[in-house]
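As structure tokens, the structure follows; a few thoughts come after it.
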Amino acid sequence: MSEFFVPVRVYLEDTDAGGIVYYVNYLKFMERARTELLRQMGSEFGELYRQGLQFVVHSVDAQYRKPAQADDELQVSARVEKIARTYILFHQQVRKGDDLMCEARIKVACISATKLKPAPIPSELQQQFADVSA
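Counting from 18, one number per residue, gives the positions in the sequence shown under the working numbering.
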């Protein structure tokens, strides 16, 4: 699997006063896709936390192409672009049919849950991410 997809329905609460998806909500949709990818790999954030680790968003480079509106059915992708010792770089897209609505590169860092400092991603999790990025 090189790209993972999650369907997302746009609700009225996701829109702004102009009736289009509020920009930050695209990032929430992308977070859902990354979370579901982790779950499909057999891991969960709770399990990582019990190991004393957390994943946090380090940086986001997003481009907004077209507006989505309430009741739109979107497809949100998550593709692993790079796996490093302490972070994973994702390329993510939000599409409505063939239309690209938004895309982003999101760097997610692994940190110690107690020290809040960078920590190595466990080797078995690195391998799982490598397997889904192949």
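Glycine residues also receive a C-beta, built at the ideal position from the N, C-alpha and C atoms.
Residues near residue i by beta carbon distance below 7 Å, same chain, minus five either side
| i | result |
| --- | --- |
| Q2 | Residue 2 falls outside the range modelled here, since the chain spans only 18 to 151, and no answer is possible. |
| V74 | I123, V125 |
| F146 | V97, I100, I105 |
| D78 | A121, R122 |
Residue i - partner residues in DSSP beta bridges
| i | result |
| --- | --- |
| L117 | R112 |
| A95 | F21 |
| Q71 | I128 |
Simplified DSSP assignment, three categories, for residue i
| i | result |
| --- | --- |
| T131 | coil |
| D31 | helix |
| K83 | coil |
| D148 | helix |
| R102 | coil |
| Q57 | helix |
Supposed contact pair residue j and residue i - C-beta distance, whole angstroms, cut 8 Å
| i | j | result |
| --- | --- | --- |
| Y39 | T32 | 6 Å |
| A121 | V27 | Going by Cβ atoms, the distance from A121 to V27 rounds to 17 Å, so no, they are not a contact pair. |
Close Cβ partners of residue i (< 8 Å) along its chain, the five nearest in sequence each way excluded
| i | result |
| --- | --- |
| Y81 | Y40, Y43, M118, C119 |
| R102 | P137, I138 |
| S19 | R96, V149, S150, A151 |
Among the options, nearest to residue i - alpha-carbon criterion
| i | options | result |
| --- | --- | --- |
| T131 | M58, G69, F62 | G69 |
| E53 | K134, T103, A95 | A95 |
| E48 | Y66, H108, G36 | H108 |
Beta-carbon contacts of residue i that lie in its chain and below 6 Å, excluding the five residues immediately before and after
| i | result |
| --- | --- |
| R56 | none |
| P83 | According to the sequence as given, residue 83 is Lys; it is not Pro. Once the five neighbours on either side are set aside, the close Cβ partners of K83 are D116, M118. |
| Q143 | I100 |
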